[in-house]
Structures are given as structure tokens and as C-alpha cells.
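Report on one structure; see the data block that follows.
Number of protein chains: 2
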Amino acid sequence: MQIALEEAESARQRGEVPVGAVIVSAKGDVLAQDGNRILELKDPSAHAELLAIRKACHKSDSERLPDCDLYVTLEPCTMCAGLISFARIRRLYFAAYDPKGGGIEQGAAFFVRSTCHHAPEVYGGIEEIRAGALLKDFFLKRRSEN
Amino acid sequence: MQIALEEAESARQRGEVPVGAVIVSAKGDVLAQDGNRILELKDPSAHAELLAIRKACHKSDSERLPDCDLYVTLEPCTMCAGLISFARIRRLYFAAYDPKGGGIEQGAAFFVRSTCHHAPEVYGGIEEIRAGALLKDFFLKRRSEN
Chain A
1 MQIALEEAES ARQRGEVPVG AVIVSAKGDV LAQDGNRILE LKDPSAHAEL
51 LAIRKACHKS DSERLPDCDL YVTLEPCTMC AGLISFARIR RLYFAAYDPK
101 GGGIEQGAAF FVRSTCHHAP EVYGGIEEIR AGALLKDFFL KRRSEN
Chain B
1001 MQIALEEAES ARQRGEVPVG AVIVSAKGDV LAQDGNRILE LKDPSAHAEL
1051 LAIRKACHKS DSERLPDCDL YVTLEPCTMC AGLISFARIR RLYFAAYDPK
1101 GGGIEQGAAF FVRSTCHHAP EVYGGIEEIR AGALLKDFFL KRRSEN
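So the sequences go chain by chain: A and B. Each step along the first sequence adds one to the number in the working numbering, with nothing skipped, and position 11 is 11. Each number in the working numbering comes from the position in the second sequence (counting from 1) with 1000 added on.
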């Protein structure tokens, strides 16, 4: 989660919503890491999780990551929840909960739906305070600038 | 939807689940079109809708497509439903309903959740029989080969 937080901080410095993600293999190696790049790439799918999963798949030469774990600093949205399932991620560790846009514990709650054919083990709230502070600070600054 | 069906047929010929998608601008121009490329790209996010939206954003030099419509041959999944919302797609036209994996009319039903901050107008069942036949034929053949 430390690396994911560093990626979130880098995303903040690029003007993106500060979210970072890391994919770790069964052996504990970091396969991929990235932060949000929505504005930079002009791509609404460029969430940290999606970029990290795509990189890890490319590295593994497979469209599935069945023994891999995902660490991310914010509860994944509905889009990323769908992708996490398709990629067969084994365990999901996330930091801050996202009542406004989360797709795991709220809203679409995709992993408990009958249309979800693979759900990872989920551990939320890890390093929640640090990740939440990064996000709060970002949105406070953005509001004061507008 | 005709072009989307042609993209679905091309996807079938590549060995992919036959789904095609097209993004049309407010003026009626085709901005982007693509079919599933999950196996080809070894990318679990490479659904027809996601690839078409990314291409259209790239072409428009924007991470949002507020005046654009999406035509797709299958009810979008939860992942694509999330992306359609983020991209601010105006209208979604889809062909076959997907009781097993759809994220619009079933399962996550993302557009009616409080965590969804933009929902397009939705029109389902257009050219449903043709799109459904393509999919049924594909899965029947795949099962008979295994």
C-alpha cells in the first residue's frame, strides 16, 4: 500500500485525483504500479487500477491475473470492480472508502451480484486515514481555486 | 447498429466473443468503431465499448464525449456501464440483452444507483435477433469444439 500511496501522490502532482494502484504477484513481486492519468491521457478509463491491471497483463502475457493481488488507495469504482472480476484478481486491498463513487461496498456492489462470475477477497480500510487525507486535501484545494 | 454488427462479425472471425461498438457524434459522424480484442491484446479491459470510447476520446482530444451516442451489439457489462457514465455518453443503444453479464438492465444496474453521476438515455433490443444469433452461434460452436 506504501507504493500505491506514492503513486497517488505522483497523480496529485500531475493534477489528477490522487489515487494509486499496485499489482503484486503470488511471490510478492510488484508486477505493475500506476496512478490516475485521466486528464493526462484524455481517457476516462485511465483509472489507476485499470492502468496497473493492463500493464500487469501485458507483462504476464495473459488477460488474467489469477494469483495476483491489487492494492489501491481508494475503493474501486463500478468500472474497475468489473475489470477486477474479469482479470480474476485474487485479493483486493483498498484504503479509503468511497461513499460517492465506490462500486464494492456501495452503489453497484458488483461482487455480490449474480452477474459477477469471480469475486476477489476484499480488505478495505487499510491506510484509510493517509489515503483519505490526500484526497480531502486535493478536493479542498481544487474548490478554493475555483 | 449495422456497423456495430459488422464489428461483431469481425471479432468473431478473430476468435473473440462477437461484440461490436460504434461511437457517433452529434452530427451523425462515426467517430470510432471496434470489436472485442480481449484475447488478441491479452487485455481484460479490451471490450468493444471501451476500445471505441478510448478511440473517440483520443480523436476528440477530450476525456468526455457529452454529445455522442454509443451503439453496441450486446448489453454493456458493469465495467463498460461505469465507463459510459464517466465519458458522459448521451444515448446508449444496445442490441441483445445479457442476463448473465449485463450491467444496465440487470445485475449491478449501475445507471440507477446513487453512485452513478451521469446516466445516458438507454434504448435496448435494437437488432436484438441478429446480434443474439451471432452470439448463440459462437458459443454453440465453442462448446462443440471443447
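We put the beta carbon where it would ideally sit given N, CA and C, even for glycine.
For chain B, is any of its Cβ atoms less than 8 Å away from the one on residue i?
i	result
A:P120	no
A:G103	yes
List the residues of chain A that residue i touches, going by C-beta distances under 9 Å, in chain order.
i	result
B:K1100	S114, T115, H117
Using a Cβ-Cβ distance under 8 Å, would residue i count as near chain A?
i	result
B:Q1013	no
B:L1050	yes
B:C1068	no
B:I1038	yes
B:F1110	yes
Since residue i is in the beta strand (DSSP E), which residue starts that stretch and which ends it?
i	result
B:F1094	1091–1096
B:I1023	1020–1024
A:L65	That residue, A:L65, is in no beta strand (DSSP E); it is neither H nor E in DSSP.
B:E1121	1121–1123
A:G35	30–35
A:T73	69–74
If the cut is a Cβ gap below 7 Å, which residues of chain B does residue i touch?
i	result
A:Q106	T1115
A:L5	Ordered by position in chain B, no residue passes the 7 Å Cβ test against A:L5, which lies about 24 Å from the chain.
Where do the N-terminal and C-terminal ends of the alpha helix (DSSP H) with residue i fall, by residue?
i	result
B:E1145	1128–1145
B:T1078	1078–1086
A:A4	2–13
B:I1038	1038–1041
Who are the neighbours of residue i on chain B, taking C-beta pairs under 8 Å?
i	result
A:L83	P1044, S1045, M1079
A:S62	K1042
A:I53	P1044, S1045
Could you list which residues in chain B have their beta carbon closer than 9 Å to that of residue i, in chain order?
i	result
A:A87	P1044, S1045
Assuming the contact rule is C-beta atoms closer than 8 Å, residue i and residue j should be a hit. Round their C-beta distance to whole Å, please.
i	j	result
A:G82	B:C1077	6 Å
B:D1043	A:E63	6 Å
A:D61	A:R90	About 18 Å; that fails the 8 Å criterion.
Problem - contact_flag[the segment 12–23 of chain A, the segment 47–55 of chain A] where n(CB pairs < 8 Å) is 3 or more - result: Enough Cβ pairs lie closer than 8 Å, so yes.
Exercise for the section: For the segment 1122–1140 of chain B and the segment 112–132 of chain A, state whether three or more C-beta atom pairs, one from each stretch, are separated by less than 8 Å. Expected result: no
Handout entry: Segment contact flag, the segment 123–143 of chain A with the segment 1024–1044 of chain B, C-beta cutoff 8 Å, min 3 pairs
Key = no
Exercise for the section: Assess, as a yes-or-no matter, whether the segment 83–90 of chain A is touched by the segment 1054–1071 of chain B under the definition of 3 or more beta carbon pairs within less than 8 Å. Expected result: no
Problem - At least three beta-carbon pairs within less than 8 Å, the segment 61–78 of chain A to the segment 94–106 of chain A - result: When Cβ pairs closer than 8 Å are counted between the two stretches, the segment 61–78 of chain A is seen to touch the segment 94–106 of chain A, the count reaching three or more.
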